[in-house]
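Everything on this sheet refers to the single structure shown next.
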Amino acid sequence: MLYNIDLKRKKNKKINLLNFNLIKMKEFFLSLGEKEFRAVQLMDWIYKKYCCNFDIMNNFSINLKKKLHDIAIIQAPKYISKQISKDGTIKWNFFVNTGYIETIYIPEKNRSTLCISSQIGCVLKCNFCATGYLGFTRNLVVSEIIGQIWYIMNIIHNNNFDSMKIFQMSKITNIVMMGMGEPLLNLKNVIPALHIILSQYGFNFSKHKFTLSTAGIVPAIKKICGKVDISLAISLHASNDVLRNTLMPINKKFNIASLLSAVQEYLKKSTANRGVVTIEYIMLKDINDTIYHAEELILLLKNLSCKINLIPWNPIKNSRYQCSNSNTIHIFSDFLIKHGFIVKIRKNRGSDIYAACGQLAGLKNIKN
1 MLYNIDLKRK
11 KNKKINLLNF
21 NLIKMKEFFL
31 SLGEKEFRAV
41 QLMDWIYKKY
51 CCNFDIMNNF
61 SINLKKKLHD
71 IAIIQAPKYI
81 SKQISKDGTI
91 KWNFFVNTGY
101 IETIYIPEKN
111 RSTLCISSQI
121 GCVLKCNFCA
131 TGYLGFTRNL
141 VVSEIIGQIW
151 YIMNIIHNNN
161 FDSMKIFQMS
171 KITNIVMMGM
181 GEPLLNLKNV
191 IPALHIILSQ
201 YGFNFSKHKF
211 TLSTAGIVPA
221 IKKICGKVDI
231 SLAISLHASN
241 DVLRNTLMPI
251 NKKFNIASLL
261 SAVQEYLKKS
271 TANRGVVTIE
281 YIMLKDINDT
291 IYHAEELILL
301 LKNLSCKINL
311 IPWNPIKNSR
321 YQCSNSNTIH
331 IFSDFLIKHG
341 FIVKIRKNRG
351 SDIYAACGQL
361 AGLKNIKN
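In case it helps, the numbering used here puts the sequence shown at residues 1 to 368.
Have a look at this one:
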């Protein structure tokens, strides 16, 4: 087993039940001298009815409710503020004890995507990303990962739009772990969180509707291979090791060849990806956006079943980078398509509220 949630609690500190998947919830109820089926009942209250008040749970006895009140809570991260973009994107700011995280809601015509965080800050220091400049504080625990989803889905489930001064939000159809942090450096908490997200006793999301984005932690990809089946997105962003070393220091430890080899092995055992991995490639003016780079990319990816997302770079404070112009991005895209690749140019969403890819920085001011 890749994780272990401690059922013990610190003195005078209540257990947050958002930390528990079904297995751990059963263990929790057994520790109270209750039957295992209570776990299913409670998870139904939490993830189907979005209830966090034990008193309302009418299939629990008064005695059980008292036990729960004494030692447990159902608590999402503390809401601090939100910002609404002109394109409808919403950025939620949460406080999680030692720092701030951001969660992004992205509405589209036929779906709504929630982008969640896995760490406070990030240790990888990719130099085109605002989160990297924050430094690293700590990993989020399961309840802080799950709680981001629970908090926002609770608003949607209970139609609490007026209280949040939001006109309307559509049901979340997709979840991406592409927010603050590197998920594969937090496997201890990300894996049990995934079980809750995908389980019929949790949020019951299809594995085809959940995507985890990673900068390429090769040992972690190998570790989850065959044990966790989710859609992967690889933050590549460069067509050779020399350039990637400059943009993403993690490449000095796990180079492109080792990364793509690990991804190949993962795809062999994954059905979530339908045999295709997403390659993310940020477009930086005069850095990685020439036809020469496109040619290198073609050679790199020729044996990998993939689709490529080209991401126009979103400005952050004190950066020397600029976004490639639209014409350059389309020439780059057309060249890849001509050579048989599936390519999508990602739409810019939420950049006016600093909610776009690479702009998340807690409550730090990252305006130019």
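No residue lacks a Cβ here, since even glycine has one placed at the ideal position from N, Cα and C.
Subject >> Secondary structure, alpha helix (DSSP H): runs of 4+ residues fully inside the region 332-368 >> reply: none
Original post:
So, are the CB atoms of I155 and K209 less than 9 Å apart?
Top reply: no
Original post:
On the premise that S324 lies in contact with K269, defined as a C-beta separation below 8 Å, what is that separation, rounded to the nearest angstrom?
Top reply: Contact flag wrong, Cβ pair sits at about 36 Å.
**OP:** Go to M381, then tell me how far its alpha helix (DSSP H) extends in each direction, as first and last residue.
**Re:** Residue 381 falls outside the range modelled here, since the chain spans only 1 to 368, and no answer is possible.
Original post:
Do the region 47-57 and the region 87-94 make contact, defined as three or more Cβ pairs closer than 8 Å?
Top reply: no
Subject >> Residues that DSSP places opposite E102 in a beta bridge >> reply: N93
Original post:
In chain order, which continuous runs of the beta strand (DSSP E) of length 3 or greater are located wholly inside the region 204-254?
Top reply: 210-214 and 231-235
Original post:
Which whole-angstrom value is the C-beta distance of I217 and L185, which I expect to be below 8 Å?
Top reply: 6 Å
**OP:** Identify whether T278 lies in helix, strand or coil by the three-state DSSP scheme.
**Re:** strand
**OP:** Have a look at I152 and L232 and give me their C-alpha separation to the nearest angstrom.
**Re:** 24 Å
Original post:
Who are the Cβ neighbours of A294 in its own chain at under 7 Å, not counting the five residues just before and after it?
Top reply: F332, F335 and L336
**OP:** Could you work out which residue in I224, A356, W313 and L198 is closest to N21 when comparing CA atoms only?
**Re:** L198
Subject >> Where V123 falls: helix, strand or coil (DSSP) >> reply: coil
Subject >> DSSP three-state assignment for F136, whether helix, strand or coil >> reply: strand
**OP:** Look at A238 and I256 and say whether their C-beta atoms are less than 9 Å apart.
**Re:** yes
**OP:** Compare the Cα-Cα distances from N97 to each of T137, P312 and K207 and report the closest residue.
**Re:** T137
Original post:
Apart from the five residues just before and just after I225, which ones in its own chain have a Cβ nearer than 7 Å to its Cβ?
Top reply: Sequence check: residue 225 is Cys here, not Ile. If we look at C225 and ignore the five residues flanking it on each side, its Cβ neighbours are E265, Y266 and K269.
Original post:
Can you find a C-beta in chain E that's less than 9 Å from the C-beta of Q41?
Top reply: No chain E is part of this structure, which consists of one protein chain only.
**OP:** Could you give the DSSP three-state label for M169: helix, strand or coil?
**Re:** coil
Subject >> Outcome for G358 when other beta-carbon atoms lying within 10 angstroms are tallied against a minimum of 16 >> reply: buried
Original post:
What do you get for F37, buried or exposed, if any count of 16 or more other CB atoms within 10 angstroms of its CB means buried?
Top reply: exposed
Original post:
Where do the ends of the alpha helix (DSSP H) carrying L18 lie?
Top reply: L18 -> no alpha helix (DSSP H), and no H or E assigned at all.
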